[in-house]
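When we follow this note's numbering, the leftmost residue of the sequence shown carries the number 1, and every step to the right adds one.
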Amino acid sequence: MPDHAAANRFTPPRRLSSSAPDEVLPGLAQLIASELAPRVLDIDLKGVYPEAFLRQLGALGGYAGHVAPEFGGMGTGLGQTIRVMEEVAKLCLSTSFLVWCQSACAGYLQQSDNGWLKANVLPALASGRLLAGTGLSNPMKSCAAIEPIRLKAIRTADGYTINGTLPWVSNLGPDHYFAVGAGVEGKPGFLIALVRGDQPGLSLNQGARFVALEGTRTFACRFRNVVVPDSAVICHPDDFAAFVARIKPGFVLSQMGMVLGLVGACVELMRESDKSHSHVNCFLDDRAEHIAAALAQARATTYSLAKVVDAEGGASVLRDVLELRVVGSELALKAAQAAMLHLGARGYLMTSPGQRRWREACFVAIVTPALKHLRKELADMDHASRGGASCCA
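Laid out in structure tokens, this is it:
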């Protein structure tokens, strides 16, 4: 594991100010307008990675809401983190997804029992000084019996050695960190560890082209005898079940930030189209007011559940979170299609936000946990409640 000494040398994020009560985060709107808005098309069409924006967002405190103050965070709660994602997603879902990746990884460390990672790495993640991906899609799918675990780890005297391949992990680079899950022989749970993109034995390969989310630095990660010391272990296999129970509600619920921002943007596209085409748009089934009403309900539920997750950890509302995320996927797809139908031929231009939102909505419905994954887990819960064995860890 590379030396983390630099991780502690960071500028703490700004504290929330009461001078701008209507602003999600002081300076956020200005940052989006100056650093993100001019680059949206390049991010989408050319695959430009918005690194400068991500780091400046961290300096504002964009990743610090759900991180405790003793670890460089603001302690304002998960809702604050979701609100930041929502504002970014109104303009660019690719970038909002990167914000989610960073925030999710910070959340893993926040929920870890590893005090060294909390003291030496988490503050730098909360401030954006270090950037990070999540890497736990495969373990999450494996828990739901959707796919096998792709990484294998062998216990050593002072850590683990990991081998295998993860096909896609986002928000990566040689100096970026990401969490990974690996199976350990004889253990029912998985090892969860933090690795860095330039560790010996780890190779990052960008061979795929995507229809959306091209600017997310998504790599295939090949592990060849990658050594992970105990200091980089987020949770050992024996602690895996308890760890997943702690992170899962926030992991899933925070994705609603992408949903809310995307759907809000689609509503605005419909309203803009109605300025000139309301005389024909009125014959469409899903109108701006219908989507806006569904959005308001989803938003209220999201931030209500975020308060429960902050207060109780979220285990009691996990089913509610999963059901909301299903609603979010379905609403994103409906809103994006409605926006395209409102825009008509104009939506087919490569520079049109309409077709981009359509592509982004599909991503919302397939990113882990995908819509089919969510429905499977809910079905497993129903089966378990009737006395059957659940396939989830």
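For every residue, glycine included, the Cβ atom is placed at its ideal position computed from N, Cα and C.
{"query": "Segment contact flag, the region 116-130 with the region 56-64, C-beta cutoff 8 Å, min 3 pairs", "result": "yes"}
{"query": "Buried/exposed call for GLY207, threshold 16 Cβ in 10 Å", "result": "exposed"}
{"query": "Distance between GLN56 and PRO21 (C-alpha atoms, nearest Å)", "result": "Because the pLDDT of PRO21 is 39, which lies under 50, any placement of that residue in the model is unreliable, and the question is left without a value."}
{"query": "Counted within 10 angstroms of its Cβ, other Cβ atoms place ARG224 as buried (16 or more) or exposed", "result": "exposed"}
{"query": "Top-ranked residue by Cα proximity to LEU172, from LEU45, PRO26 and ALA220", "result": "ALA220"}
{"query": "Option nearest PHE97 by Cα separation, candidates GLN111, SER276, LEU122 and LEU54", "result": "LEU54"}
{"query": "Inter-stretch contact (C-beta, 8 Å, three-pair minimum) for the region 138-157 and the region 375-387", "result": "yes"}
{"query": "Exposure of THR76, with buried meaning 16 or more beta-carbon neighbours within 10 Å", "result": "buried"}
{"query": "Beta carbon proximity, LEU341 to chain D, threshold 7 Å", "result": "Considering every chain present, this structure includes no chain D. It has just one protein chain."}
{"query": "Three-way DSSP call (helix, strand, coil) for LEU378 in this model", "result": "helix"}
{"query": "Expected contact under 8 Å - CB spacing of PHE178 and CYS105 to nearest Å", "result": "7 Å"}
{"query": "DSSP state of VAL259 mapped onto helix, strand, coil", "result": "helix"}
{"query": "Pick from TRP116, VAL228 and ALA265 that is closest to ALA335, judged by C-alpha positions", "result": "ALA265"}
{"query": "Residue(s) in a DSSP beta bridge with LEU202", "result": "PHE223"}
{"query": "Rounded C-alpha distance that separates ARG356 from VAL267", "result": "14 Å"}
{"query": "Neighbourhood of ASN138 by C-beta distance below 8 Å, restricted to the same chain and skipping five residues each side", "result": "GLU147, ILE149, ARG150, LEU151, LEU166 and GLY181"}
{"query": "Among ASP238, MET381, GLY314 and ALA52, nearest to ARG155 - alpha-carbon criterion", "result": "ASP238"}
{"query": "As assigned by DSSP and simplified to three states, the class of PHE178", "result": "strand"}
{"query": "For PRO353 and LEU41, the rounded distance between their alpha carbons", "result": "9 Å"}
{"query": "Helix, strand or coil at PHE363 according to DSSP, with G and I counted as helix", "result": "helix"}
{"query": "Beta carbon of THR218 nearer than 7 Å to that of SER94", "result": "no"}
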